[in-house]
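So the structure is just underneath, and the comments pick up after that.
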Amino acid sequence: MSNIIIDPNAPVPDPNAPPKPGFDLGPNAPTSPATPAATQATVMDSNSDTFAQDVVESSNQLPVIVTFWTPESEQSITLNEVLQKLVLRAGGLVKMVRMNVYENQALAQQMRVQGVPTVFAFKDGRPVEAFSGAQSEAQLQSFIDKLVGDAKPPLEDAMDHAAELLGEGQWAEAEDIYTTILEEDSTYIPAFAGIIRAIAVSKDFPRAYEMLKQLNPKSRNAPEVLQAISALELAEQSAEANPSESDELQKRVKAEPNNLEIRFELSQALFAQDRVEDAIDHLLEIVRINRDWNEQAGRKQLIKIFETIGLTDERTIEARKRLSAVLFS
């Protein structure tokens, strides 16, 4: 990222000041915008006449990101498109203002814009961060995260609420929330993955697989989707398992401790009873006895459980430590 040093004591630019000598973009400079129209007030086009209101004054309420761009710059157009998506996803915690350099030469001169795209962040009426040049989506997301700090957008609140509902077994309500989020942003993969998880809880497995067919290969391999698929597969296994057989299976495992097929069936039955820790214990024992059994079925099943209950779940963290100890002993 090419950074621009911001002087905190520098005066706020006067949008009505004339351009300085030497700042000439030529007589054939385009004047019509080439970026898509903003879909919400949090993303807008501005000019020198409204800069003070749209940027300086607004930044007293929330961070404002200003992009200086030109219509023929592919880097500018790409950055604007990605940044707009991320700003809209932030759910009102940050604002984006686009400034066509050709139409706002004096202001660009005052802001010392040397090339496009150049991006400034305003807070409390002053520029606080800036960069120039093309950026990856991850870099732009990091830029926004730094500006908004610990503030949480409504979208994340909605995702958290849906996850809570799902954890309580209220899959229909959770699916409704995920669907609403997708209607606002059809590219938000975590919401799609949430729908798959909700359908898995409802046990409507064919519908879940039909939905997965809609995804392109890149989206299907997104971490959130892979975790949802693991949850779906485990839900199918649990539906096929007979929890009432767990007592009999435990007796058989006690009689034949090295019979890994029976132990694996027991772990499935225990998981179906929501006895997650017990299921993990038996899978770890399978790995300890023979890690290569049935094409490493024990380890693979553990990974599915980790992805289903969450990689930050305390049970996952503890079990992964135990798995590492077994694998590297």
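Counting the sequence shown from 1 gives a position; the working numbering is that position plus 176.
Note that the Cβ used here is the ideal one computed from N, Cα and C, for glycine as well.
Here the structure is a predicted model, which is why all the values come from computation and not from measurement.
Is it buried or exposed for residue i, if we count other Cβ within 10 angstroms and need 16 for buried?
i: D380; result: exposed
i: F504; result: exposed
i: I314; result: As written in the sequence, residue 314 is Ala, which differs from the Ile given in the question. A314 is exposed by the Cβ-count criterion.
i: F447; result: buried
i: S318; result: exposed
i: S420; result: exposed
i: S235; result: buried
i: A213; result: Low local confidence applies: a pLDDT of 36 at A213 is under 50, so the model's placement there is unreliable, with the coordinate-based value given in what follows. Classification for A213: exposed.
i: S312; result: exposed
i: P382; result: exposed
i: Q229; result: exposed
i: K271; result: buried
i: A284; result: buried
i: Q506; result: In the structure as shown, the chain begins at 177 and stops at 505. Residue 506 is therefore absent and cannot be evaluated.
i: G343; result: exposed
i: T363; result: exposed
i: T207; result: At T207 the pLDDT is 39, less than 50, meaning the model places this residue with poor confidence; the figure from the coordinates comes in the next sentence. Result: exposed.
Is residue i close to the ligand GTP? I mean its beta-carbon at under 8 angstroms from any heavy atom of the ligand.
i: G325; result: In terms of ligand content, the structure shown is empty, and the ligand GTP therefore cannot be addressed.
What number of angstroms, rounded off, separates the C-alpha of residue i from the C-alpha of residue j?
i: T492; j: I485; result: 7 angstroms
i: Y385; j: R302; result: 51 angstroms
i: I438; j: L388; result: 32 angstroms
i: A282; j: T294; result: 15 angstroms
i: S222; j: G291; result: 19 angstroms
i: L269; j: A334; result: 15 angstroms
i: E432; j: D321; result: 54 angstroms
i: L425; j: H458; result: 12 angstroms
i: A501; j: N434; result: 20 angstroms
i: L487; j: K480; result: 10 angstroms
i: A417; j: A376; result: 15 angstroms
i: F482; j: A415; result: 19 angstroms
i: N256; j: I462; result: 52 angstroms
i: L323; j: G309; result: 19 angstroms
i: E359; j: I365; result: 12 angstroms
i: W469; j: G267; result: 48 angstroms
i: V401; j: S395; result: 7 angstroms
i: E340; j: L410; result: 19 angstroms
i: E279; j: I372; result: 47 angstroms
i: A350; j: S249; result: 42 angstroms
i: F227; j: E412; result: 57 angstroms
i: R464; j: R265; result: 45 angstroms
i: E494; j: T355; result: 34 angstroms
Can residue i and residue j be called in contact, C-beta distance under 9 angstroms?
i: P403; j: A374; result: The question names Pro, but residue 403 in the sequence shown is Gln. Cβ distance not < 9 angstroms, so Q403 and A374 don't count as in contact.
i: D361; j: L331; result: yes
i: T254; j: N276; result: no
i: V240; j: F307; result: no
i: K357; j: A327; result: Sequence check: residue 357 is Ile here, not Lys. Taking 9 angstroms as the Cβ cut-off, I357 and A327 do not qualify as a contacting pair.
i: V273; j: V242; result: yes
i: Q477; j: S443; result: yes
i: N392; j: L436; result: no
i: L498; j: L460; result: In the sequence on display, residue 498 carries Arg and not Leu. It is a contact, given that the beta carbons lie within the stated cut-off.
i: L316; j: L238; result: no
i: V219; j: V263; result: yes
Give me the DSSP bridge partner(s) of residue i.
i: A297; result: I241 and E305
i: V273; result: M220 and V242
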